[in-house]
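With the first letter of the sequence shown counted as 1, position 197 gets the number 239 in this note's numbering; the numbers rise by one all the way through.
Backbone N, C-alpha and C fix where the C-beta goes; we use that ideal spot for every residue, glycine too.
Remember, it's a predicted structure, so these values are computed and weren't measured experimentally.
Reading through the structure tokens given below for one structure.
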Amino acid sequence: MRRQGARSDRARTPVILPFLLAALFVVYTVAIYPIAVLALARRRPRAVRAAPCEPTVTVLLPVRNGEAYVERKLQSLAALDYPQSLIEVLVLSDGSTDGTEHLVERWPASNVRLIRLPAQGKAAALNAGIREAHGEILFLTDVRQPLEPASLRLLTACFADPEVGAASGEIVILAGHTQAEADIGLYRRYEQTVRRALSAIDSVPGATGAIYAMRRSLARPMPPDTLLDDVFLPLAAFFAGFRVVLEPRARAIDYPTSLHTEFARKVRTLAGVWQIVRFFPTLVTPGNRMLWHFLSHKVFRLLLPHALLALLACSFFLAPPLRLLALAWQALFYAAALVDIVVPEGFVLKRLTSPVRTFVVLMAASFCAAAILIFPARLLWRPTTVRAGRAGS
């Protein structure tokens, strides 16, 4: 019996290595890499030589059925602290069937132009806008988020630096009404911190879709099924030899979204990362100065749920008492996500369980990301909406 027990323990011993590798992968992706990037950014920051400048700007505003938001967005653009005579606004209606086009046609400003397009998706709409643009700088923004008045001036100042090809702003999320909304906001702040560090080191692997700008001369046509224009276009600037930087003071205002909406957005984003690798294969080849950051910040996050599954699977084959300890901790973690479903808002326990549920839901999005790649025609572009009552708040 002792010999059988010894043989069983020896058989389990090799499982420790993949268990430790999976655990290390999770810790590296979630904690070690962000800490390393923050330290590197503080040690060797690469400043942007920004200076006031006023190039001509074409605003590209893609919209599909944005009747609830388009007037407020046009008001936001008219209120920008930038000469309106230098701004051209192209409203790209991607097959809108509501009152969006009528509202744009009634808009009194002479620098606003409506371009009617068939429903082919955001990338196709932006391609049409790029072809029609005349400005030196393209300013890409979404219809839902109003802009702070200084945003465009702050972004254009970045282009005084001849090394900058694209500049991204940030989204400010208003306070959430539920714990899940607050947790999503916390995740986005974590993401913003890492992105600021990447910008300080060299370049950000992608922009914020609601607010970014780039030199028109660097824009290139996107495949019509492109999911992430805010990664494709900045990378076009990057591979042309320019930096992609972040200007955190240029801000768009957004409202909290539900966990369900965030899940759908995350699925699309994660599927888009695999697509970007197909469009830019040099991203994952040696010699690319963004290789480490793209792998750690983008690709490894896609693989994180698989590492968590490997961690769980290996735990069953560990020798006791490590097996019991590993399984107990993981069971407690996933049980917290399940418990959160039934815990009412306002309970103290919600503050502990809700972040776990948010994390698990976002990890599950990785497994669903393949659906977009398999069925792209179904999921071309579904603009995010917020609950009634928030659009005008």
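Inset, instruction - Output the distance between the C-alpha atoms of A393 and T400, rounded to the nearest integer angstrom. - result: One detail in the question is off: residue 393 reads as Arg in this sequence, not Ala. One Cα belongs to R393, the other to T400, and the distance between them is close to 11 Å.
Inset, instruction - Quick one: residues in its chain with C-beta nearer than 6 Å to the C-beta of E190, no 5 flanking neighbours on either side, listed in chain order? - result: R293.
Legend entry - DSSP-derived helix/strand/coil call for T183: Reduced to three states, the DSSP call for T183 is strand.
Inset, instruction - Classify P204 as buried or exposed, calling it buried when 16 or more other Cβ atoms lie within 10 Å of its own Cβ. - result: An exposed status is given to P204, since fewer than 16 other beta-carbon atoms sit within 10 Å of its beta-carbon.
Inset, instruction - Verify whether the separation of the beta carbon atoms of F181 and T100 is less than 8 Å. - result: For the pair F181 and T100, the CB atoms are nearer than the 8 Å cut-off.
Legend entry - Every unbroken beta strand (DSSP E) inside the region 102–166 [3 residues or more]: If we require 3 residues or more, the beta strand (DSSP E) runs fully inside the region 102–166 come out as 129–136, 154–159.
Legend entry - Whether D267 touches V214 by CB criterion (8 Å): For D267 and V214, no; Cβs fall outside 8 Å.
Legend entry - Among L119, A165, A161, the one whose alpha carbon lies nearest that of G151: Checking the sequence, you will find Ala at residue 151 rather than Gly. Measuring C-alpha to C-alpha distances from A151 to each of L119, A165, A161 identifies L119 as the nearest.
Legend entry - Extent of the continuous beta strand (DSSP E) to which D296 belongs: Per DSSP, D296 belongs to the beta strand (DSSP E) from 285–296.
Legend entry - Short Cβ contact (8 Å threshold) for P160 with G137: Taking 8 Å as the Cβ cut-off, P160 and G137 qualify as a contacting pair.
Legend entry - Expected contact under 8 Å - CB spacing of R88 and A242 to nearest Å: Under the criterion of beta carbons closer than 8 Å, R88 and A242 qualify as touching, at roughly 6 Å.
Inset, instruction - Would you identify the three-state DSSP class for M405, choosing helix, strand or coil? - result: Correct three-state label for M405: helix.
Inset, instruction - Let me know if V315 comes out buried or exposed under the rule of 16 or more other beta-carbons within 10 Å of its beta-carbon. - result: By the Cβ neighbour-count rule, V315 is buried, with 16 or more other Cβ atoms within 10 Å of its own.
Inset, instruction - Could you pull the start and end residues of the alpha helix (DSSP H) that V69 belongs to? - result: 58–69 is the extent of the alpha helix (DSSP H) around V69.
Inset, instruction - Report the partner residues of V79 according to the DSSP bridge assignment. - result: Partner(s): none; V79 has no beta bridge.
Inset, instruction - Have a look at L360 and V57 and give me their C-alpha separation to the nearest angstrom. - result: Computed Cα separation, rounded: 6 Å.
Legend entry - Cβ of L312 within 8 Å of any chain B Cβ: Among the protein chains of the structure shown there is no chain B, as only one such chain exists.
Inset, instruction - Go ahead and label Y75 buried or exposed: buried means 16 or more other beta carbons lie within 10 angstroms of its beta carbon, across all protein chains shown. - result: By the neighbour-count rule (16 or more Cβ atoms within 10 Å), Y75 is buried.
Inset, instruction - Report the partner residues of Y254 according to the DSSP bridge assignment. - result: Partner(s): L182, S210.
Inset, instruction - May I ask you to list the residues that DSSP assigns as paired with I215? - result: Bridge pairing for I215: D296 [DSSP].
Legend entry - Contact between the region 271–279 and the region 369–379 (3+ Cβ pairs under 8 Å): No, they do not touch.
Inset, instruction - Mind checking which residues open and close the alpha helix (DSSP H) that includes V384? - result: It spans 364–384 - the alpha helix (DSSP H) in which V384 sits, taken as one unbroken run.
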